[in-house]
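Below is one structure, written out as structure tokens; the observations come after it.
Residue numbers (the UniProt record's numbering): 1 to 138.
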């Protein structure tokens, strides 16, 4: 059953990661810019397979959500800094029942990411990580 949750979460992450739009948040001249899209987006160490593994090992379906049969997608948003650290974590769209808090908890556990690049320099990038909570059939 845990495998089904993880597979759904992993596939949701892959799909959304490649669908981000192509606009930057601020002008590149600003020294404290936070971009939305850059030439090279930030990456979890090891790429998509490793973020899937990380989520599988760390994300837990909240008991309240499971008991209430709550399913849906939680959008965790954070900034990957120029040094790869994660900061400013927030939920931009949640489903409640402990799922939002669980996404924040797991994002806080993540190691440093490979930072985004723009114009040959590392830059801070706002990243949206969708996590799908779904109760699969046996």
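Using N, Cα and C, we set each Cβ at its ideal position, and we do this for glycine too.
Boundaries of the alpha helix (DSSP H) around residue 103: 99-109. Assignment of alpha helix (DSSP H) within the UniProt domain "TonB C-terminal" (46-138), counting only whole runs of 4 or more residues, yields 47-58, 63-67, 99-109 in chain order. For residue 36, the three-state secondary structure derived from DSSP is coil. If you check the CB distance, residue 57 and residue 135 do not come in under 9 Å. At least 9 Å separates the beta-carbon of residue 96 from that of residue 63.
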